[in-house]
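Engineer: The structure under discussion is supplied below as structure tokens; questions concerning it will follow.
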Amino acid sequence: MAERAHALSTVDGYSGYGAEQGEKKLRAAVAATYYADLGIEETDIFVSDGAKCDISRLQVLFGSNAKIAVQDPSYPAYVDSSVIMGQTGLYQEDVQKYGNIEYMRCSPENGFFPDLSSVPRTDIIFFCSPNNPTGAAASREQLTQLVKFAKDNGSIIVYDSAYAMYISDDSPKSIFEIPGAKEVAIETASFSKYAGFTGVRLGWTVVPKELLFSDGHPVAKDFNRIVCTCFNGASNISQAGGLGCLSPEGLKAMSDVVGFYKENTKIIVDTFTSLGFNVYGAKNAPYVWVHFPGRNSWDVFAEILEKAHLVTTPGSGFGPGGEGFVRVSAFGHRENIIEAARRLEQLYK
Amino acid sequence: MRLTCTISDPASWRTSVLRNPNMEKLKKGYLFPEIGIKHEEHLKKYPHAKVISLGIGDTTEPIPKIVTSAMAEYALALSTPEGYQGYGPEKGHKNLRKAIADKVYSGMGIKESEVFISDGAQCDIARLQMLFGSNVTIAVQDPTFPGYVDNGVIMGQTGKADDGGKYAGIEYMRCAPENAFFPDLSRVRRTDVIFFCSPNNPTGHVASREQLRQLVDFARRNGSIVVFDSAYSSYVSACSGAPRSIYEIPGAREVAIEVSSFSKFAGFTGVRLGWAVVPDELLYSDGSPVARDFDRIVCTCFNGASSIAQAGGLACLSEEGSAAIQGVIGVYKENARVLVETFESLGKEVHGGANSPYVWVRFPGRRSWDVFAEILEKTHVITVPGSGFGPGGEGFIRVSAFGSKDRVLEACERLKSFLA
Chain A
1 MAERAHALST VDGYSGYGAE QGEKKLRAAV AATYYADLGI EETDIFVSDG AKCDISRLQV
61 LFGSNAKIAV QDPSYPAYVD SSVIMGQTGL YQEDVQKYGN IEYMRCSPEN GFFPDLSSVP
121 RTDIIFFCSP NNPTGAAASR EQLTQLVKFA KDNGSIIVYD SAYAMYISDD SPKSIFEIPG
181 AKEVAIETAS FSKYAGFTGV RLGWTVVPKE LLFSDGHPVA KDFNRIVCTC FNGASNISQA
241 GGLGCLSPEG LKAMSDVVGF YKENTKIIVD TFTSLGFNVY GAKNAPYVWV HFPGRNSWDV
301 FAEILEKAHL VTTPGSGFGP GGEGFVRVSA FGHRENIIEA ARRLEQLYK
Chain B
1 MRLTCTISDP ASWRTSVLRN PNMEKLKKGY LFPEIGIKHE EHLKKYPHAK VISLGIGDTT
61 EPIPKIVTSA MAEYALALST PEGYQGYGPE KGHKNLRKAI ADKVYSGMGI KESEVFISDG
121 AQCDIARLQM LFGSNVTIAV QDPTFPGYVD NGVIMGQTGK ADDGGKYAGI EYMRCAPENA
181 FFPDLSRVRR TDVIFFCSPN NPTGHVASRE QLRQLVDFAR RNGSIVVFDS AYSSYVSACS
241 GAPRSIYEIP GAREVAIEVS SFSKFAGFTG VRLGWAVVPD ELLYSDGSPV ARDFDRIVCT
301 CFNGASSIAQ AGGLACLSEE GSAAIQGVIG VYKENARVLV ETFESLGKEV HGGANSPYVW
361 VRFPGRRSWD VFAEILEKTH VITVPGSGFG PGGEGFIRVS AFGSKDRVLE ACERLKSFLA
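Top line first, the protein sequences correspond to chains A and B.
Residues in the first sequence are numbered consecutively from 1, following full-length UniProt numbering.
Residues in the second sequence are numbered consecutively from 1, following full-length UniProt numbering.
And the structure:
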């Protein structure tokens with residue numbers, strides 16, 4: 001990134017507007033690294049300034065008439081962007097849900113995968129795996145069900161794979177590992193949690209050419225129009241960094257970073273487990289989903305903050321399905337994680 | 001880029017998701033990628049032609065070292081425990097916001113808290129349209145930067161376009177040589193939002209203090225919000241006396257949002273950095289602050305401009321950085337002067353070019369896409385047809401002054417022999 005920055009001061013190295021879809025080399029590297037045998041090509045990749053921004057642009061693309069389904073609990077940006085785009089009704093305090101959104105409960109009881117037989121059709125299904133906040137990674141079998149469900153209903157899945165590199169077992173890393181997914185799914189991804197690019201801003205979205213609206217119009221064509229009109233490309237310096245990430249040395253480095261956070265996760269899991277809590281997630285994600293049965297999650301959040309000076313995230317912030325849980329994230333310096341573990345042991349011994 | 005999307009084979013799977021009807025309303029591709037496509041096609045036809053682009057307003061000159069060094073340093077620091085930073089505030093780094101408030105808006109009472117850092121003005125326009133929602137009515141200059149209109153269409157603020165290219169529901173405010181490029185506001189109907197760009201893309205006209213006073217008064221009387229695009233303010237010559245910011249006009253704080261960008265100022269077209277000012281006094285009809293909702297949009301739909309770009313922005317605003325950047329702007333302004341001179345010497349009616357990197361040349365009685373094609377075919381110079389900016393642009397060509405001095409001089413030679 002420093003090299004690219006310096007080059008911008010030279011006649012040969014200066015570049016102005018880049019292709020809105022992203023620099024060709026980076027798109028090719030993303031396709032080759034993550035989608036090599038999955039039939040996804042460089043031209044299906046749209047480089048972005050991060051998954052959250054892409055979620056919003058996808059919502060602009062779908063428009064106000066689209067109806068969405070989300071996991072419950074889920075990353076709040078899917079719901080909030082839906083509200084902003086006019087897709088929803090009012091917030092219903094009693095059930096903590098917005099009207100016209102389908103909330104698909106994901107809990108320990110159903111292995112954090114919704115019972116699709118009881119989920120009505122929606123146009124769009126947001127699905128995040130490994131999941132924020134529960135940490136659950138869907139199995140091949142579950143994702144096959146999801147793709148079939150989308151196919152049967154003529155829906156579009158927006159698959160958020162921002163944490164895919166945290167997977168330790170053989171859970172699929174990309175929705176496109178499932179046959180037929182190219183005709184029903186968009187996948188969004190990010191360098192944020194692999195390369196520490198939360199401030200640098202870089203991600204990508206895959207919109208396969210096979211994905212068509214009901215009138216046969218390719219979704220990618222409209223998404224391209226959105227990207228050209230509402231956006232002007234990710235920073236060229238960030239893109240140079242992305243290319244560096246995807247070099248052999250970069251891939252190894254990202255893997256080490258992920259490994260470091262996974263070690264943090266293990267410390268947190270062991271701490272809560274030894275204190276007698278039921279914890280979920282963690283194996284394939286940097287999040288630990290801790291159950292506090294019968295307790296209000298904001299109360300638990302306040303208690304942990306007040307008594308241990310630790311910041312966590314109350315589960316109900318992710319939807320009514322998060323009530324009774326607290327999300328503990330494993331990002332942090334090792335010494336801080338260890339100190340946090342010590343304080344939790346004190347608090348809940 | 002051009003997507004090779006073939007008409008789908010009837011046997012292909014189609015989802016049951018309806019295409020967004022607003023996307024269908026868009027007449028064709030966004031103007032600038034369309035120009036890019038023409039550029040590519042021309043290169044295929046004449047692989048050995050030395051095509052000079054005075055088309056898309058893309059900066060060409062290197063960024064001063066003091067700025068890129070700051071960005072490189074920041075990037076390297078990200079590899080150290082002390083220098084690493086993750087998510088920044090969605091509104092942007094405090095030091096950059098303060099630098100903008102203090103230096104760009106010196107004496108105008110803009111607070112650091114009113115500045116929202118972005119990844120560029122086009123992105124901010126889209127987020128502002130999302131903020132305003134589908135029920136607002138908008139007015140735009142005609143001709144105008146297409147981003148205001150296209151984002152309005154996408155957000156569902158308009159009906160379909162007519163054969164002349166005007167979208168139903170948008171108030172088009174004609175800006176032409178005949179009215180000194182400022183609309184007759186007495187004939188403009190009230191809209192919720194008024195997009196106004198000065199120095200103007202594409203006409204190059206810079207609105208006078210008096211004109212902007214009229215605009216602010218008009219907005220006040222109508223209870224409208226002005227979105228003032230000052231992306232080219234650094235091209236305003238000091239001697240012109242023209243305002244560089246809407247906030248130089250008394251009363252503007254209560255009616256105007258200002259968007260701006262480092263793109264044409266510092267060559268950041270690829271680096272991506274800009275800002276929006278939303279003053280505390282700007283309120284909706286129910287008294288709630290516009291800034292509060294904009295902050296919510298920025299936190300929900302965006303995650304901040306790249307931290308590295310922001311470090312560069314700060315360096316741009318330092319004394320040394322500013323001075324170096326003025327040097328680059330000087331190159332483009334000199335290019336503009338030469339272009340104006342060239343067209344004038346050929347007997348053409350020329351506008352802009354003095355306080356702007358754009359030169360607006362009249363070709364009376366001719367279709368601008370035809371003139372564009374003819375200039376491209378005969379001189380291998382890319383321009384932009386005026387009608388791409390709205391029906392008010394028909395009969396004009398926009399020529400941009402970005403380019404190295406040598407390339408612009410060569411382009412001028414070719415244009416002279418073609419138009420003589």
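Think of the CB as a built atom: it goes at the ideal place given N, C-alpha and C, for glycine as much as any other residue.
Which residue's Cα is closest to the Cα of Lys209(A): Arg201(A), Val200(A), Ala220(A), Leu58(A)?
Structural biologist: Stepping through the first sequence from its first residue, residue 209(A) is reached at position 209. Closest in C-alpha terms to Lys209(A), from the list Arg201(A), Val200(A), Ala220(A), Leu58(A), comes Ala220(A).
Engineer: Tell me, please, whether the CB atom of Ala291(B) is closer than 8 angstroms to any CB atom in chain A?
Structural biologist: Within the second sequence, numbered from 1, the residue matching residue 291(B) stands at position 291. So, not an interface residue.
Engineer: Applying a beta-carbon distance threshold of less than 8 angstroms, which residues of chain A neighbour Ala252(B)?
Structural biologist: Numbered from 1 along the second sequence, position 252 holds the residue referred to as residue 252(B). Simply none; closest approach about 26 angstroms.
Engineer: Can you tell me whether DSSP reads Gly393(B) as helix, strand or coil?
Structural biologist: The residue given as residue 393(B) occupies position 393 in the second sequence. Residue state for Gly393(B) is assigned as helix, using DSSP reduced to three classes.
Engineer: Out of curiosity, what's the CA-to-CA distance linking Lys38(B) and Asp370(B)?
Structural biologist: Position 38 of the second sequence, counting from 1, holds the residue named residue 38(B). Position 370 of the second sequence, counting from 1, holds the residue named residue 370(B). The alpha-carbon separation between Lys38(B) and Asp370(B) amounts to approximately 13 angstroms.
Engineer: If you measure beta-carbon to beta-carbon, which residues of the segment 65-76 of chain B are closer than 7 angstroms to chain A?
Structural biologist: Lys65, Thr68, Met71, Ala72, Ala75, Leu76
Engineer: Output the boundary residues of the alpha helix (DSSP H) element that contains Arg127(B).
Structural biologist: Your numbering for residue 127(B) matches position 127 in the second sequence. That run of the alpha helix (DSSP H) goes 121-132.
Engineer: Along the segment 205-219 of chain A, where does the CB come closer than 9 angstroms to a CB of chain B? Name the residues.
Structural biologist: Lys209, Glu210, Leu211, Leu212, Phe213, Ser214, Asp215, Gly216, His217, Pro218, Val219
Engineer: Going by alpha carbons, who is nearest to Leu347(A) out of Phe260(A), Gly276(A), Asn284(A)?
Structural biologist: The sequence position of residue 347(A) within the first sequence is 347, counting from 1. Cα-wise, what sits closest to Leu347(A) is Gly276(A).
Engineer: How is the beta strand (DSSP E) around Tyr103(A) delimited, first residue to last?
Structural biologist: Taking the first residue of the first sequence as position 1, residue 103(A) is located at position 103. Counting along the chain, the beta strand (DSSP E) containing Tyr103(A) begins and ends at 102-105.
Engineer: In the DSSP assignment, find the alpha helix (DSSP H) that holds Gln59(A) and state where it starts and stops.
Structural biologist: Locating residue 59(A) in the first sequence gives position 59, counting from the first residue. Here the alpha helix (DSSP H) through Gln59(A) covers 51-62.
Engineer: Go ahead and label Thr271(A) buried or exposed: buried means 16 or more other beta carbons lie within 10 angstroms of its beta carbon, across all protein chains shown.
Structural biologist: Reading the first sequence from its first residue, position 271 is the one you call residue 271(A). When all chains shown are included, Thr271(A) counts as buried.
Engineer: If you draw a straight line from the alpha carbon of Cys299(B) to that of Arg272(B), how long is it in whole angstroms?
Structural biologist: Counting from one through the second sequence, the residue named residue 299(B) turns up at place 299. Counting from one through the second sequence, the residue named residue 272(B) turns up at place 272. Computed Cα separation, rounded: 18 angstroms.
Engineer: Do the CB positions of Met104(A) and Gln71(A) come within less than 8 angstroms of each other?
Structural biologist: On the first sequence, position 104 is the one that residue 104(A) refers to. On the first sequence, position 71 is the one that residue 71(A) refers to. Cβ atoms of Met104(A) and Gln71(A): closer than 8 angstroms.
Engineer: Report the partner residues of Ser329(A) according to the DSSP bridge assignment.
Structural biologist: Translated into positions along the first sequence, residue 329(A) becomes position 329. Answer is Tyr287(A).
Engineer: Using a Cβ-Cβ cutoff of 8 angstroms, what residues of the segment 152-177 of chain B are near chain A? List them in chain order.
Structural biologist: Ile154, Met155, Gly156
Engineer: Rounded to the nearest angstrom, what separates Asn335(B) and Gly403(B) at their Cα positions?
Structural biologist: Translated into positions along the second sequence, residue 335(B) becomes position 335. Translated into positions along the second sequence, residue 403(B) becomes position 403. Rounded to the nearest angstrom, the two C-alpha atoms are 8 angstroms apart.
Engineer: With 8 angstroms as the limit, tell me which residues of the segment 255-282 of chain A have their beta carbon closer than that to any beta carbon of chain B; keep them in chain order.
Structural biologist: none
Engineer: For Glu254(B), which of helix, strand or coil comes out of DSSP?
Structural biologist: Numbered from its first residue, the second sequence carries residue 254(B) at position 254. Note: Glu254(B) maps to helix in three-state DSSP.
Engineer: Whose Cβ in chain B lies nearer than 9 angstroms to the Cβ of Ile337(A)?
Structural biologist: Start at 1 with the first residue of the first sequence, and residue 337(A) comes out as number 337. Neighbours of Ile337(A) on chain B: none; closest Cβ ~15 angstroms, over 9 angstroms.
Engineer: Nearest to Ser224(B) by CA position, among Phe182(B), Leu283(B), Ala70(B), Asp119(B), is which residue?
Structural biologist: Taking the second sequence and counting its residues from 1, one reaches residue 224(B) at position 224. Closest by C-alpha distance to Ser224(B), out of Phe182(B), Leu283(B), Ala70(B), Asp119(B), is Leu283(B).
Engineer: Identify each residue in the segment 10-37 of chain B for which the Cβ-Cβ distance to at least one residue of chain A is less than 9 angstroms, and report them in chain order.
Structural biologist: Pro10, Ser12, Trp13, Arg14, Thr15, Ser16, Val17, Leu18, Arg19, Asn20, Pro21, Asn22, Met23, Glu24, Leu26, Gly29, Tyr30, Phe32, Pro33, Gly36
Engineer: Is the separation between the beta-carbon of Asn151(B) and that of Ser237(B) shorter than 8 angstroms?
Structural biologist: If you number the second sequence from 1, residue 151(B) lands on position 151. If you number the second sequence from 1, residue 237(B) lands on position 237. No, Cβ-Cβ distance for Asn151(B) and Ser237(B) is not below 8 angstroms.
Engineer: For Phe195(B), tell me which candidate among Gly88(B), Ala161(B), Val140(B) has the shortest Cα-Cα distance.
Structural biologist: Your numbering for residue 195(B) matches position 195 in the second sequence. Comparing Cα-Cα distances from Phe195(B) to each of Gly88(B), Ala161(B), Val140(B), the minimum goes to Val140(B).
Engineer: For Arg292(B), count neighbouring C-beta atoms within 10 Å of its own C-beta (all shown protein chains included) and say buried if the count is 16 or more, exposed if not.
Structural biologist: Start at 1 with the first residue of the second sequence, and residue 292(B) comes out as number 292. By the neighbour-count rule (16 or more Cβ atoms within 10 Å), Arg292(B) is not buried but exposed.
Engineer: Closest Cβ-Cβ distance between Ala148(B) and chain A: below 8 angstroms?
Structural biologist: Locating residue 148(B) in the second sequence gives position 148, where the first residue counts as 1. The question names Ala, yet the displayed sequence has Tyr at residue 148(B). No, its Cβ sits nowhere closer than 8 angstroms to a Cβ of chain A.
Engineer: Would a C-beta distance cut-off of 8 angstroms place Thr269(B) and Gly241(A) closer than the cut-off?
Structural biologist: Walking along the second sequence from the start, residue 269(B) turns up at place 269. Walking along the first sequence from the start, residue 241(A) turns up at place 241. No; because the gap between Cβ atoms is not below 8 angstroms, this pair is not in contact.
Engineer: Does the separation of the CB atoms of Cys228(A) and Tyr30(B) fall below 8 angstroms?
Structural biologist: Translated into positions along the first sequence, residue 228(A) becomes position 228. Translated into positions along the second sequence, residue 30(B) becomes position 30. Against a cut-off of 8 angstroms, the Cβ pair of Tyr30(B) and Cys228(A) comes out as a contact.
Engineer: Straight-line CA distance for Ser297(A) to Ser168(A)?
Structural biologist: The residue you call residue 297(A) lines up with position 297 of the first sequence. The residue you call residue 168(A) lines up with position 168 of the first sequence. Approximately 29 angstroms, taken between the alpha carbons.
Engineer: Can you pull the chain A neighbours of Pro47(B), defined as C-beta to C-beta under 7 angstroms?
Structural biologist: The residue given as residue 47(B) occupies position 47 in the second sequence. Here the premise fails: no neighbours, minimum Cβ distance about 19 angstroms.
Engineer: Going by the beta-carbon positions, is the gap between Leu54(B) and Ala411(B) smaller than 8 angstroms?
Structural biologist: Taking the first residue of the second sequence as 1, we reach residue 54(B) at position 54. Taking the first residue of the second sequence as 1, we reach residue 411(B) at position 411. Result yes, Cβ atoms of Leu54(B) and Ala411(B) sit closer than 8 angstroms.
Engineer: Measuring straight from C-alpha to C-alpha, what distance separates Val350(B) and Thr33(A)?
Structural biologist: By one-based count along the second sequence, residue 350(B) stands at place 350. By one-based count along the first sequence, residue 33(A) stands at place 33. The alpha-carbon atoms of Val350(B) and Thr33(A) are separated by roughly 52 angstroms.
Engineer: Within its chain, find whatever has a CB closer than 8 angstroms to the CB of Ile337(A); leave out the 5 residues flanking it on each side and keep chain order.
Structural biologist: Against the first sequence, residue 337(A) aligns to sequence position 337. Correct list, in chain order: Asn264, Ile267, Ile268, Ala330.
Engineer: Restricting to Cα atoms, I'd like to know which of Ile154(B), Leu76(B), Gly393(B) is closest to Pro364(B).
Structural biologist: Residue mapping note: residue 364(B) aligns to position 364 of the second sequence, counting from 1. It is Gly393(B).
Engineer: Just reading off the alpha helix (DSSP H) that Tyr32(B) is part of, what are its end residues?
Structural biologist: Looking up residue 32(B) in the second sequence gives position 32. It is worth fixing the name first, because residue 32(B) is Phe in this sequence and not Tyr. Looking at the DSSP string, the run of the alpha helix (DSSP H) that includes Phe32(B) is 31-45.
Engineer: Name, please, each residue of chain B whose Cβ falls closer than 8 angstroms to the Cβ of Cys53(A).
Structural biologist: As a first step, residue 53(A) is located in the first sequence; it is residue number 53 there, counting from the start. Within chain B, the residues near Cys53(A) are Cys301, Phe302, Asn303.
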